[in-house]
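There are 2 protein chains.
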Amino acid sequence: MAARLKDVAALAGVSVRTVSNVVSNAAPVAPATRARVMAAVEELGYRPNLAARNLRQGRTGLIGVVVPEIHSPYFGALAELLIDAARERGWTVLLERTGGRPDLERRLLDGSEGHQVDGMIVSPWSTSPAELASLAGGLPLVVLGELAPDGAIDHVALDNVAAARDAARHLVAGGRRRVAAIGLQSELGHGTAELRAEGFRQGLRESGLSPVAEVEVADLHRGEGARALRELLRLPGRPDAVFCFSDELALGALRVAAEEGVRVPEDLALMGFDDIEDGRFAAPSLTTIAPYREQIAERAVQCLTERVLGRFEALPGRRIVVPHRVLPRESTGGPVPPGAPDGPGTPDGPGRG
Amino acid sequence: MAARLKDVAALAGVSVRTVSNVVSNAAPVAPATRARVMAAVEELGYRPNLAARNLRQGRTGLIGVVVPEIHSPYFGALAELLIDAARERGWTVLLERTGGRPDLERRLLDGSEGHQVDGMIVSPWSTSPAELASLAGGLPLVVLGELAPDGAIDHVALDNVAAARDAARHLVAGGRRRVAAIGLQSELGHGTAELRAEGFRQGLRESGLSPVAEVEVADLHRGEGARALRELLRLPGRPDAVFCFSDELALGALRVAAEEGVRVPEDLALMGFDDIEDGRFAAPSLTTIAPYREQIAERAVQCLTERVLGRFEALPGRRIVVPHRVLPRESTGGPVPPGAPDGPGTPDGPGRG
DNA sequence: CGTCCATGTTGCAACGTTGCAAGCAACGTG
DNA sequence: CACGTTGCTTGCAACGTTGCAACATGGACG
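Taken in sequence, the protein lines are chains A and B. Note that numbering that gives the first Met the number 0 numbers the first sequence so that position 132 is 131, with each residue one more than the last. Note that numbering that gives the first Met the number 0 numbers the second sequence so that position 242 is 241, with each residue one more than the last.
Spelled out as structure tokens, the structure:
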């Protein structure tokens with residue numbers, strides 16, 4: 000049977016309370032006593048019973064991380080960073096995925112599914128931030144990837160408008176004039192795709208251009224990118240550059256370009272968003288917008304921690320904007336030849352740093 | 000404040016115990032009483048306090064899933080399936096990653112890190128199954144991807160020897176004679192890479208062939224695949240086929256082939272292992288060995304459930320072998336042209352089903 | 001010498017739940 | 001009518017931990 004405080008106390012010849020003081024650093028303990036207790040802890044292999052601790056303290060030490068999918072390169076990498084950032088602060092992460100299903104997204108948030116958590120970090124797909132707030136009902140919440148104005152919720156995201164504008168500028172700077180976009184999602188009322196579309200148009204407008212086409216997608220995966228580029232290639236005036244709202248879309252498009260004999264970047268410049276690892280190893284390697292993922296994870300956990308610990312002060316919702324940068328690679332004829340610092344030769348290049 | 004059994008009981012005019020009976024179906028309750036209690040539960044938005052329940056019952060309802068990384072396409076997809084399978088059986092999954100670090104792998108297993116779980120599903124990297132058993136110290140355990148003989152641990156895996164043999168056969172059947180392998184890992188004493196190497200050699204031997212080269216790797220990622228193929232291309236007698244022990248290795252190799260002007264599959268047949276989504280959208284699409292992942296996840300959770308619930312019967316360790324199949328695609332000149340059922344046109348083709 | 005304070009140590013109660021065994025009413029049977 | 005049975009409900013105690021307040025001890029200080 001597992002050792003309890005009582006057992007350790009008996010062995011060390013002190014009270015239960017003193018053992019508790021030692022193991023949880025709750026009060027000063029004389030060095031000699033501490034040593035004796037530690038020895039007993041070692042001998043019995045004592046581990047605190049977290050259920051009891053949680054019951055007593057009213058906290059679980061668990062934070063929920065809710066993402067649409069774990070499987071995708073972007074969210075997988077983000078989840079990993081969140082888990083690390085949380086561990087550093089003593090939290091354990093309960094990772095949940097919604098698969099984009101609105102009902103599941105809601106159930107996870109209102110707590111009727113699964114375990115109790117002290118707070119949540121959510122990357123919403125089909126639920127608006129306002130709705131999130133009411134569902135969570137007072138549970139500390141940090142929202143990723145969306146910026147919305149209301150409630151005592153913190154938001155962490157990059158500046159989608161500026162990032163998309165930078166993408167458009169990059170394509171135009173490379174001499175492209177017939178620029179299209181893939182990745183709009185009018186069906187979802189909410190933000191990310193809208194914001195990127197907006198920034199994309201702004202970036203073109205600065206040079207007196209406007210999009211030759213904007214293709215809607217059902218999701219941000221390769222299949223949709225492939226379908227969308229096929230569609231674009233059938234247009235009378237083919238684009239000479241395409242900005243995809245995710246790297247996965249771009250990789251699907253890249254595959255279709257190869258099939259159709261369209262040379263990238265000579266005939267078509269292709270650009271993605273997210274900087275997933277696959278993009279660095281694609282042939283040609285994929286130019287992309289790289290968010291500083293570590294910062295997103297770090298700031299998100301930091302915000303949530305502050306909220307959980309200072310539960311009763313009603314902090315106003317903060318909006319945290321993390322920086323991004325354009326990573327020029329081969330797919331836009333960028334300055335980085337194969338084998339150079341950002342090429343496949345260095346799998347841990349800037350894309351992850 | 001959150002409602003407790005006591006509050007519900009007061010509102011419904013019954014005892015605390017009766018409310019408990021209703022919410023946990025512990026004893027028969029008169030329909031009228033049940034209805035009254037349910038109404039009170041609704042009104043107060045009562046949710047059972049799991050910390051208290053766990054403390055009382057000695058179980059947490061959590062199972063740990065430990066994988067080397069979440070970030071990678073293979074483990075990401077597997078983790079997702081495990082979470083789903085676990086949810087169906089009422090478990091919540093605590094997903095942890097080791098990053099391949101032996102020390103962290105050990106800490107996670109012996110429970111000194113993080114939360115208490117009722118059992119664990121582990122995909123080990125640097126720790127042998129025997130060591131796992133002693134670390135877990137009686138905690139119900141299911142090991143994925145390795146088969147080792149000892150202890151009361153269940154193993155779930157495909158037949159690595161047979162799978163690698165099938166891969167070799169596939170390459171030989173395509174007329175290849177100078178076949179190499181990428182992915183050996185002599186440094187790690189343990190199984191998977193060894194088993195695949197063994198099966199690979201067997202498959203060649205059946206046709207009177209032997210490997211023209213076997214390249215060791217430090218990990219199973221794209222970067223190592225790229226490095227390894229560069230090495231192979233420098234050999235005096237270039238191979239005409241390469242079997243990579245993971246799809247990621249193969250994708251790295253594919254990239255290098257494109258850089259070096261080596262045509263795939265004409266000059267070089269390339270084959271992977273795992274059936275990750277990226278492989279379906281690579282150009283050319285990647286022939287691979289596909290495990291039935293759903294079965295792995297399903298069986299693993301099933302085994303663990305049996306062990307956790309029947310904790311005191313000492314079941315002997317079971318070895319569960321899940322089937323696999325060869326998915327011929329373009330990279331070995333396979334029968335599947337672009338756009339056909341298994342091509343990029345159907346992102347949810349056999350690779351996931 | 002008495003008082004105060006800092007430092008260590010302690011017992012008690014409580015967190016919200018469920019196992020246990022007993023209680024109670026109503027009913028069927030001998 | 002006594003008795004056992006069935007169906008439903010209840011009070012008590014316990015799970016292992018920590019907050020609280022009180023209690024010893026010993027040294028510094030007026």
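No residue lacks a Cβ here, since even glycine has one placed at the ideal position from N, Cα and C.
Straight through space, the alpha carbons of Val66(B) and Thr97(B) are spaced by roughly 6 Å. For His114(A), the neighbours in chain B by C-beta distance under 8 Å run, in chain order, Leu49, Gly60, Leu61 and Thr91. Contact annotation: Ile288(B) and Phe272(B) have beta-carbon atoms nearer than 9 Å. For Asp153(B), the enclosing beta strand (DSSP E) covers residues Asp153 to Leu157.
Beta-bridge pairing by DSSP links Pro290(A) to His323(A). Distances from the alpha-carbon of Glu79(B) to those of Ala132(B), Pro327(B), Val300(B) and Arg164(B) put Val300(B) closest. Taking a cut-off of 8 Å on C-beta distances, the stretch 216-236 of chain A touches the stretch 247-258 of chain A, as three or more cross pairs fall below it. The alpha carbon of Ser185(A) has as its nearest neighbour, out of Val178(A), Ala179(A) and Glu193(A), the alpha carbon of Glu193(A). Judged by beta-carbon spacing, Asp165(A) lies within the 9 Å limit of Val325(A), meaning their Cβ atoms are closer than that value.
For Ser71(A), the nearest beta carbon of chain B is closer than 9 Å to its own beta carbon. For Leu54(A), the chain B residues whose Cβ falls inside 7 Å of its Cβ are Ala50, Ala51 and Leu54, in order along the chain.
Around the beta carbon of Arg254(B), 16 or more other beta carbons sit within 10 angstroms, so the residue counts as buried. Of the candidates Gly99(B), Gly57(B) and Pro47(B), the residue whose Cα lies closest to the Cα of His220(B) is Gly99(B).
Using a Cβ-Cβ cut-off of 7 Å, Asp277(A) is close to Asp277 of chain B, given in chain order.
Neighbours of Leu108(A) in chain B, taken as residues whose beta carbon is under 7 Å from its own, are absent, since the nearest beta carbon is some 13 Å off. Residues of chain B whose Cβ lies closer than 9 Å to the Cβ of Ala268(A) do not exist; the shortest such Cβ separation is about 17 Å.
Taking a cut-off of 8 Å for Cβ pairs, the stretch 191-205 of chain A and the stretch 256-266 of chain A do not touch, as fewer than three such pairs fall below it.
Going by beta carbons, Met119(A) and Gly190(A) fall outside the 9 Å limit.
Apart from the 5 residues on each side of it in sequence, Ala135(A) sits with its Cβ closer than 6 Å to the Cβ of Leu108 in its chain, given in chain order. Sequence-distant Cβ neighbours of Val211(B) in its own chain, meaning closer than 8 Å and more than five residues away, are Arg177, Val178, Ala179, Leu234, Gly236 and Pro238. About 11 Å separates the beta carbons of Arg292(A) and Leu143(A), which is beyond the 8 Å limit, so they are not a contact pair. Residue pairing by DSSP places Gly63(A) opposite Leu93(A) and Met119(A) in a beta bridge.
Residue burial annotation: Gly278(B) is buried, with at least 16 other C-beta atoms found within 10 angstroms of its C-beta. For Met270(A), DSSP records a beta bridge to Phe242(A) and Thr286(A). Within the same chain, Cβ atoms closer than 8 Å to the Cβ of Arg317(A) are found at Asp153, His154 and Cys302, the five residues on either side in sequence being excluded. When Val141(A), Ile69(A), Phe280(A) and Pro101(A) are compared, the shortest CA-CA separation from Leu314(A) is found for Val141(A).
The bridge partners DSSP lists for Ile181(B) are Val214(B) and Cys243(B). Linking Gly207(B) to Glu213(B) through their CA atoms gives a straight-line distance of about 17 Å.
Asn20(B) and Glu41(B) have their C-alpha atoms spaced approximately 16 Å apart. Separation of Glu305(B) and Arg298(B) (C-alpha to C-alpha, rounded to the nearest whole angstrom) is 11 Å. No Cβ of chain B is located within less than 9 Å of the beta carbon of Glu42(A). Annotation: the continuous alpha helix (DSSP H) that includes Leu77(A) extends over Pro72 to Glu87.
Note that the C-beta distance between Ala268(B) and Gly173(B) is below 9 Å.
The beta carbon of Arg221(B) sits closer than 9 Å to some beta carbon of chain A. Contact annotation for Arg96(A) against chain B: Glu79 and Ile82 [CB-CB distance below 8 Å, chain order]. Inclusion of His169(A) and Thr286(A) in the CB contact set at 9 Å is warranted, their separation being smaller than that value.
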